[in-house]
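First up is the structure itself, then whatever we jot down about it.
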Amino acid sequence: MTAPPIADPIEIELPDLAATRALGTALGAALRPGDVVALSGDLGAGKSELARAAIRARLAVPDLEVPSPTFTLVQTYEAPALEIWHVDLYRLERPGDALELGLEEAFADAAMLIEWPGRLGDALPAARLDLCLSVIGAPDTGGDGARRAMLADPAGAWATRIEGLRP
Amino acid sequence: MRILGIETSCDETAAAIVERDANGRGLIRANVVLSQLDEHRAYGGVVPEIAARSHLDHLDRLIAQALEEAGSGFDDLDGIAATAGPGLIGGVMVGALTAKAIAWARGLPFIAVNHLEGHALTARLTADDPAEAAFPYLLLLVSGGHCQLLAVEGVGRYRVLGTTVDDAVGEAFDKTAKLLDLGYPGGPAVERAAERSARRRAEAGEETPRFRLPIPMRGRDDCAFSFSGLKTAVRQQLERLDTPPGEAEREDLAAAFQTNAARSIADRTARACARFTAEVAPGRPLVVAGGVAANKVIRAELARVADAAGMTFLAPPLKLCTDNAAMIAWAGAERLALGLTDGLDFRPRPRWPLADLADRAPPGAGAAAQAEAGA
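First to last, the sequence lines map onto chains A and B. Heads up: the first sequence at position 49 corresponds to 60 in my numbering, and the numbers run straight through without jumps. Heads up: the second sequence at position 155 corresponds to 144 in my numbering, and the numbers run straight through without jumps.
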């Protein structure tokens, strides 16, 4: 069996919050059981906002309450034929802690949106989508700053889907 | 009646013994919380003992300690209450299974308690006179993981008036403290930095604040909260500085954050007061619960808001605002007093919004009926 083709990393400019949400919506539509999306970026980069848009889109509930999982660590959502885990490992320091959350079992069936994935260390599955948000420039008003998303597919799990995430 | 309460739904492992007399007056006989704050600080961040195994390791000892402090044995108990959600399922299972095992072995009623209901009913445990915190009242629950305004109309009867659309306020405090390198825990660190900023600016005669931040959701026609944008605005202000921020700048930014977080909470709560007065009843108490209730600036704002709305302001002691088992034991006692118990087949619920408790309210009994029942 040949290895799946590995797509080149792609870069998406997100000029405003609406663009971040649109990327989240596209991501939500593309999710399949067993997916792992590693959402990285600094505090305030827009990770939770993007995950919220993905979950709302997949559950088709535009005003669904999607609280930050920082304190609860995990929030789960039932979409038709798909369970979505919204995970935030910000508060953890040891990879062992993350495994205690039952993530390993969930990797098989659920679609996982994982913030602060670096906390997993080697336990982060290779077959995943890396989505890194960074802030480019600071606007003078509000929190609607421009972002850039870097998407990478290190093991070919998203080979046929990554291009579909472009606006 | 005397109830053992168990709390294991998130970071804390806790056990407590609480009594409730026939008049609805509460008495805490023991309240033990395994907090590892000093160890956490060594890491410069939170290292939650989230693991189910950790709860398992400590729970038996905490229960034994609570019984000893209360001068009780299992034979003196009238019921066993445990948090059955919402929370991390592993931890919740440990607490609920332990409670069920004790209840089964001793032939005692088991009461599955919603963690948020524990917070919602705490004011009734700590009130000097049960009449002070009779139903209905308006509750603001502000903690690391929650930020909601609720109409509390009776045991099991909660109506959400507003909740956060993104981060909880305690989380915003923690993340702001991290951005500003102020240390952990974030809430007290931001509060102390803001106090230093105010002192220095008063001495220097500075009147105009150095930083301007948005007041989230102010003036909106609902009772929702949002703190993600405020946190991001702090980060943007930091990045706009030409040089790495000095201590004075970080403290001024902390002060600006705290002021606007408090103003936002005050604005949202004032709106909820008006709605509660119109839709439920005038002149009822405003109750605050959750760890963020410790913040003096927020407390002062809430007292002002309650006063302006013609409501009394009730804030339970801080020790009972953060996660604890006394509130779980008390919620168990309130339920048991109304004849509400649960089967040993009750399944813990990782997601369990308070609004879903309607099926767990006493059948056909509203606030008035509960009041007559001595609740």
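A virtual CB, placed ideally from N, CA and C, is assigned to each residue, including glycine. From a predicted model like this one, the values you see are computed outputs, not experimental measurements.
Pick out the complete beta strand (DSSP E) segments inside the segment 269 to 326 of chain B, 3 residues or longer, and give them in chain order.
Look at the segment 269 to 326 of chain B and you find these whole runs of beta strand (DSSP E), each 3 residues long or longer: 275 to 278.
Could you compute how far the alpha carbon of alanine 11 of chain B sits from the alpha carbon of isoleucine 17 of chain B?
Taking the first residue of the second sequence as 1, we reach residue 11 of chain B at position 22. Taking the first residue of the second sequence as 1, we reach residue 17 of chain B at position 28. Answer to the nearest angstrom: the Cα atoms are 15 Å apart.
Between leucine 77 of chain B and chain A, is any beta-carbon pair separated by less than 8 Å?
Position 88 of the second sequence, counting from 1, holds the residue named residue 77 of chain B. It does; some Cβ of chain A falls within 8 Å.
Looking at chain B, which residues of the segment 67 to 82 of chain A have a Cβ within less than 7 Å of any of its Cβ atoms?
Cβ contacts with chain B: Glu76, Pro78, Ser79, Thr81, Phe82.
Could you confirm whether any beta carbon from chain B is found closer than 8 Å to the beta carbon of glycine 52 of chain A?
The residue labelled residue 52 of chain A in the question sits at position 41 within the first sequence. The C-beta of glycine 52 of chain A comes no closer than 8 Å to any C-beta of chain B.
In the DSSP assignment, find the unbroken alpha helix (DSSP H) run with alanine 30 of chain A in it and report its ends.
Translated into the one-based positions of the first sequence, residue 30 of chain A becomes position 19. Annotation: the continuous alpha helix (DSSP H) that includes alanine 30 of chain A extends over 28 to 41.
Which residues, in chain order, does the segment 145 to 160 of chain B contribute to contact with chain A at a C-beta distance below 9 Å?
Close to chain A, meaning a Cβ-Cβ distance shorter than 9 Å, are the following residues of the segment 145 to 160 of chain B: Thr152, Thr153, Val154, Asp155, Asp156, Ala157, Gly159, Glu160.
Indicate the three-state DSSP secondary structure (helix, strand or coil) for arginine 349 of chain B in the structure shown.
As a first step, residue 349 of chain B is located in the second sequence; it is residue number 360 there, counting from the start. Arginine 349 of chain B falls in the helix class under three-state DSSP.
Would threonine 197 of chain B be called buried (16 or more neighbouring beta carbons within 10 Å of its own) or exposed?
Counted from its first residue, the second sequence places residue 197 of chain B at position 208. When all chains shown are included, threonine 197 of chain B counts as exposed.
Let me make sure I understand the geometry here. Which of B:Ala347, B:Leu333, B:Ala344, B:Leu307 has the alpha-carbon closest to that of serine 132 of chain B?
Looking up residue 132 of chain B in the second sequence gives position 143. Nearest option by C-alpha distance: B:Leu307.
Per the contact definition of three or more C-beta pairs closer than 8 Å, is the segment 264 to 284 of chain B in contact with the segment 226 to 239 of chain B?
Cβ pair count under 8 Å is below three, so no.
Throw me the rounded Cβ distance for the leucine 54 of chain A and lysine 167 of chain B pair, which I believe falls under 8 Å.
If you number the first sequence from 1, residue 54 of chain A lands on position 43. If you number the second sequence from 1, residue 167 of chain B lands on position 178. Right, their Cβ atoms sit about 7 Å apart.
Whole-number beta carbon distance between phenylalanine 246 of chain B and leucine 227 of chain B, since they are thought to touch under 8 Å
As a working note, residue 227 of chain B is residue 238 in the second sequence. As a working note, residue 246 of chain B is residue 257 in the second sequence. That pair is no contact at about 11 Å.
Following the continuous beta strand (DSSP E) through histidine 135 of chain B, name the residue where it begins and the one where it ends.
In the second sequence, the residue the question calls residue 135 of chain B occupies position 146. Where histidine 135 of chain B is concerned, there is no enclosing beta strand (DSSP E), given that its DSSP letter is neither H nor E.
If you draw a straight line from the C-alpha of alanine 244 of chain B to the C-alpha of glutamate 180 of chain B, how long is it?
Residue 244 of chain B sits at position 255 when you count from the first residue of the second sequence. Residue 180 of chain B sits at position 191 when you count from the first residue of the second sequence. Going by the C-alpha atoms only, they are around 8 Å apart.
How about glutamate 116 of chain A: is its C-beta nearer than 8 Å to some C-beta of chain B?
Residue 116 of chain A sits at position 105 when you count from the first residue of the first sequence. So, not an interface residue.
Taking the continuous alpha helix (DSSP H) assigned at valine 83 of chain B, which residues delimit it?
Within the second sequence, numbered from 1, the residue matching residue 83 of chain B stands at position 94. In this chain, the alpha helix (DSSP H) harbouring valine 83 of chain B covers 78 to 95.
Does the segment 34 to 45 of chain A come into contact with the segment 168 to 176 of chain A, if we say contact requires no fewer than three beta-carbon pairs (one atom in each stretch) closer than 8 Å?
The way I'd put it, the segment 34 to 45 of chain A does touch the segment 168 to 176 of chain A; three or more beta-carbon pairs between them come closer than 8 Å.
Against chain A, does glycine 34 of chain B count as a neighbour if the rule is that its beta carbon must be under 8 Å from one of theirs?
Translated into the one-based positions of the second sequence, residue 34 of chain B becomes position 45. The predicted position of glycine 34 of chain B is uncertain, since its pLDDT is 36 and thus under 50; no value can be drawn from it.
Classify lysine 89 of chain B: buried if its beta carbon has 16 or more other beta carbons within 10 angstroms, exposed otherwise.
For the purposes of this step, residue 89 of chain B is taken as residue 100 along the second sequence, with counting starting at 1. So lysine 89 of chain B counts as buried.
List the residues of chain A that serine 217 of chain B touches, going by C-beta distances under 8 Å, in chain order.
As a position in the second sequence, residue 217 of chain B is number 228, starting the count at 1. Within chain A, the residues placing a beta-carbon under 8 Å from that of serine 217 of chain B are Gly55, Ser59, Glu60, Ser79, Gly154, ordered along the chain.
Selected residue, minimal CA-CA separation from glycine 332 of chain B, among B:Phe99, B:Leu56, B:Thr87
Your numbering for residue 332 of chain B matches position 343 in the second sequence. Among B:Phe99, B:Leu56, B:Thr87, the Cα nearest to that of glycine 332 of chain B is on B:Phe99.
Applying a beta-carbon distance threshold of less than 8 Å, which residues of chain B neighbour threonine 87 of chain A?
Within the first sequence, residue 87 of chain A is the residue found at index 76, counting from 1. Those within 8 Å of threonine 87 of chain A in chain B are Pro339, Arg340.
Could you name the residues of the same chain whose beta carbon sits closer than 7 Å to that of proline 26 of chain A, not counting the 5 residues immediately before and after it, in chain order?
Looking up residue 26 of chain A in the first sequence gives position 15. Correct list, in chain order: Ala157.
Start and end residues, alpha helix (DSSP H) containing leucine 227 of chain B:
For this step, residue 227 of chain B is matched to residue 238 along the second sequence. Note, leucine 227 of chain B: alpha helix (DSSP H), 217 to 229.
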